[in-house]
Amino acid sequence: DALFHLSPGRTKKVRMMHQSGRFLVADCPSMGASALVLPYRRSDAVMVLLLPTDPDGLNALHERLSVKAFELRFREREVDVSLPRFRLRQVTDLRRVLPALGVEDLFTERANLSGLSKARGVRVTLAR
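First residue of the sequence shown? That's 1 in UniProt numbering, and the numbers climb one at a time after it.
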């Protein structure tokens, strides 16, 4: 357990998770922060964490945040990372996402899934 800074002057004792290793890190003096790239296991996805230099500097970091601020020079460094324990869980209805990526017929009678089934009229009704 360790103290986690919630807001200026407010801390809370929380369970932490720890990991040491070589990670991509960048100093961001224009934002008053450091950036750390944490890769997800068995995935190409990463999480970019921004840590204010000042423990009470989250509001200032939020105000300075911009796309230009992410033009950072990341370097691989040996780092000890401690974060409050959390779980990410998200269910996304892919019927909204896939058409934006050009997958338009999958959810209609026009779907061509002949490589998966010899039955006619096979289509996807739910994807999460």
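All C-beta atoms in this analysis are idealised placements derived from N, C-alpha and C, irrespective of residue type, glycine included.
query = To the nearest angstrom, how far is it from the Cα of V122 to the Cα of S30?
reply = 54 Å
ask   = For the candidate residues G115, G21, E76, V124, whose alpha-carbon lies nearest to that of L98?
value = V124
task = Select from F23, P39, D44, L50 the residue whose C-alpha is nearest the C-alpha of G32.
result = L50
query = With respect to the beta strand (DSSP E) encompassing L36, which residues constitute its N-terminal and C-terminal limits?
reply = 33-39
key: Nearest neighbour of A26, chosen from P55, E71, L65, A60 [CA to CA]   = E71
Distance between L94 and A100 (C-alpha atoms, nearest Å) = 10 Å
request  = Taking F74 as the reference, give the member of S82, L36, G57 with the closest Cα.
outcome  = L36
ask   = Smallest Cα separation from D1: which of L88, P39, S82?
value = S82
ask   = In angstroms, rounded to a whole number, what distance separates the CA positions of G115 and F107?
value = 16 Å
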